[in-house]
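What follows is a single structure, written as structure tokens, with notes after it.
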DNA sequence: TATGAATGAGTTTTCATTCAT
DNA sequence: AATGAATGAAAACTCATTCAT
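Protein chains in written order, with this note's numbering: chain A, 491 to 701; chain B, 491 to 701; chain C, 491 to 701; chain D, 491 to 701.
Here's what the structure looks like:
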């Protein structure tokens, strides 16, 4: 679902493009945003030239990965809203299954360069907006059903969302799993309607966060 | 409080060393963990040669920055425990004033290399342990005074701590301030004793997280 | 009049070939002898594959351009000899209308590679010889009619010819026109029979110049 | 005599810089304007890094070579004016000893890129202007002494000058020598006062040629 | 000791040429 | 036969690290 100016690629070229984006995701995740382009090419099983034909520089690759991740996350978010019985359940699933975004966001934080590249990309921007809109709906519905504290805005949820995204890499697999769940549970408890301590200032919108 | 094998430097050499560490912090923060060594030297106002005399390689610099940040954070944590009236207050201050650690932790996440360097440094390790011990004390005290939910361990608090560290860079200054406060408040609500929903698994220790 | 082993091409293939040679001329002229093959293909409106089918490598293209230019120049030279009333007039027209050769010669000078390619091409070589023979005739005739100084050989005229070819690119169109004419006039004055100062050494033949 | 922003280099650095410029001249002359940077470095006996420290890209190198050549040519031109007995003699020496400029000019013509780089360089521009002024003086003096035809301007001489610069590379050494001399002699005959055929239009100034 | 010049290995990037569609 | 995608060798360029001044 990534689109740069795609003039409809030949089937094989399309396949290669996808393999490259996938490889870039993996490489960025495991070796950081500065992994040699050649390593990405090797992982994708193509020559560097092929990679450069599609992505003129590292920035284009970062953009493509971000677009891909964001658009997938959006798809998932929509599914959550549709399939879950209550708004609160949708919110929980939303927060829990944020993994699709993990990579790009981690990437985004990693280098100032990547950050600015992603920030300036209209396509990613669009996904971000759409997601924010969806989030706003869910927030309102959850507050209407009385599960979410009322002094909360979509921006606040987005922040929690982003915080959860950036899970610390924890050595032991099982611990990581548990830690993630507990963290989420603590956050959810902080978001629940009952028994909340009043928050400072007013509910944040996405705009407040520059989202 | 940074120590590599510090043979007590002459006053001016000492000054140089400090300027370099400070410059490195700034550069890492603004240009990422891969800023050219030369840029750091320029920022510090010294030649690369001088920098290399003190820090044989990039790893040494990263280590020094991490040590510096961790030790400052430790000092601050001790002050919090000493000066605050209740354990809960200490915890709040602890979580709120985590800024000193922000840079190194962000750095730590940025590149896998930096991560391993920091992980393997005994001096940072020591600060980390000390801080974890302190945190354990405060957790127990806060639970004893009934302010902190009982199904929480020092590891859980550490995770929340780290999460808060990685605040998203938010464009508008005021929003960033407010957002940070609200996020903290939500988390604190999630940590409060009253009205908590049971958490999954058991309380996490620092060891669980590899800390 | 270009021939490599031309097995008589189909009309459309022929058209393609010509478009490529023309495009190559343009590209060489505007971007130098090192313009990417792909740019030439794009200018010609064909794919690289098509270009490579006709011209196995850059050398073949250079050769083709040179052949084309030389053969056109030869045609023009013959017309000059036939149509002008006096040998001097033929010489003047010869020198003035050298533009057809401009490109290839500029190209020839541009890169040592191109130089050697052109030098070794039998077809271009043949045109060169024919032109030199023609030039020798005209020189003799002009000297016989008393218009050209006697201490001049075909080689000398060729040199002047080449010199005039390499007109400096002059910004303003009108100036360029005038400058060219004046330059030519000065040279012609230097070549005239009357009043010439004796030249050093002996008349040069084409062979002297490696032509 | 080349200057870019030279903050006074250390003696050894200066020496290296000069070696690089010299090597570049040689390499450009023998292998064209596209000779690999590494070859230039090797010829100069330095590492590529050293070359890139001084000259951030090929353009800087081209500029430096052009500056060097132009400024040397200027020095030579001044000497000619000072040391020769008559203006005509100065002019002859001027035209004959143009060799200093040969390389840069040939280079300048070779690639459109190089051409624009040289054209836009203020330092070279300055040398060009100075030389043009000098030429104007000599032209006036020579016309006053009755040796140079009166319908000639500094621009015309400059054109002849440039034409002579671009001597074709002639295979045999001795022929090249002779050919150059004869060419010069023919041109001089064309420039002489006596017996000249009126030239078209009016004397050209440097401005007319965009010089 | 401080400085910044030199080095060259590692990366990025381009482009001639081949080949599948 | 035409096209343009893929390839990889070659060239450009960067920067960590060493060393002469």
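Note that beta-carbon positions come from the ideal geometry of N, C-alpha and C, so glycine has one too.
Item	Value
Chain D within 7 Å of residue 665 of chain C, Cβ atoms only	yes
Three-way DSSP call (helix, strand, coil) for residue 689 of chain C in this model	coil
Residues within the segment 672 to 683 of chain C neighbouring chain D, beta-carbon criterion of under 8 Å	672, 673, 675, 676, 677, 678, 679, 680, 681, 682
Neighbour-count burial assignment, residue 694 of chain D, 16 or more Cβ in a 10 Å radius	buried
Contacts that residue 547 of chain B makes with chain A (C-beta to C-beta distance below 9 Å)	Residues of chain A passing the Cβ test: none, with the nearest at roughly 17 Å.
Contacts around residue 688 of chain A, its chain only, beta-carbon distance under 6 Å, and the 5 residues preceding and following it disregarded	none
Contacting positions in the segment 498 to 517 of chain B - beta carbon closer than 9 Å to chain A	none
Closer than 7 Å to chain B by CB, residue 466 of chain A	A question about residue 466 of chain A goes unanswered here, because the residues of chain A that appear run from 491 up to 701.
Alpha-carbon spacing of residue 629 of chain A relative to residue 642 of chain A, whole angstroms	8 Å
Any C-beta of chain C under 7 Å from that of residue 559 of chain D	no
Sufficient close CB pairs (3 or more, under 8 Å) joining the segment 616 to 626 of chain D to the segment 559 to 573 of chain D	yes
Three-state class that DSSP yields for residue 694 of chain A in the structure shown	coil
Rounded C-alpha distance that separates residue 500 of chain D from residue 647 of chain B	58 Å
Chain B within 7 Å of residue 522 of chain A, Cβ atoms only	yes
Touching by the beta-carbon criterion (3+ pairs, under 8 Å), the segment 518 to 528 of chain C and the segment 600 to 615 of chain D	yes
Residue 612 of chain B versus residue 556 of chain B - alpha carbon distance	11 Å
Strand pairing of residue 548 of chain C, partner residues [DSSP]	The partner list for residue 548 of chain C (beta bridge, DSSP) is empty, contrary to what the question assumes.
Contact under 7 Å by Cβ, residue 645 of chain D with residue 699 of chain D	yes
Reduced DSSP secondary structure (H/G/I, E/B, other) of residue 682 of chain C	strand
Bridge-paired residues (DSSP) for residue 638 of chain A	A:682
Straight-line gap, residue 627 of chain D to residue 591 of chain D (C-alpha atoms, nearest Å)	20 Å
Interface partners of residue 687 of chain C on chain D, CB under 8 Å	675, 678, 679, 682
DSSP-derived helix/strand/coil call for residue 611 of chain C	coil
Amino acids of chain D, ordered along the chain, whose beta-carbon sits closer than 8 Å to that of residue 649 of chain C	658, 669, 672, 673
Runs of alpha helix (DSSP H) wholly within the segment 498 to 571 of chain B (minimum 4 residues, chain order)	501 to 521, 527 to 534, 538 to 544
Outcome for residue 610 of chain B when other beta-carbon atoms lying within 10 angstroms are tallied against a minimum of 16	exposed
Chain A contact for residue 632 of chain B (CB, 7 Å cutoff)	no
Chain C contact for residue 653 of chain D (CB, 7 Å cutoff)	yes
Euclidean distance between Cα positions of residue 670 of chain A and residue 649 of chain B	9 Å
For residue 645 of chain A, the first and last residue of its enclosing alpha helix (DSSP H)	644 to 655
Any non-hydrogen atom of the ligand NAP within 6 Å of residue 647 of chain B CB	In the structure on display, the ligand NAP does not appear, and there are no ligands present to speak of.
Inter-residue CB distance, residue 638 of chain A and residue 632 of chain A (contact presumed, cutoff 8 Å)	4 Å
Given residue 513 of chain B as reference, the closest of B:502, B:546, B:552 once Cα atoms are compared	B:552
Cβ of residue 690 of chain A within 7 Å of any chain B Cβ	yes
Contact list for residue 526 of chain D against chain C, beta-carbon separation under 9 Å	Result: empty, since nearest Cβ-Cβ is about 12 Å, beyond 9 Å.
Inter-stretch contact (C-beta, 8 Å, three-pair minimum) for the segment 665 to 685 of chain A and the segment 572 to 591 of chain A	yes
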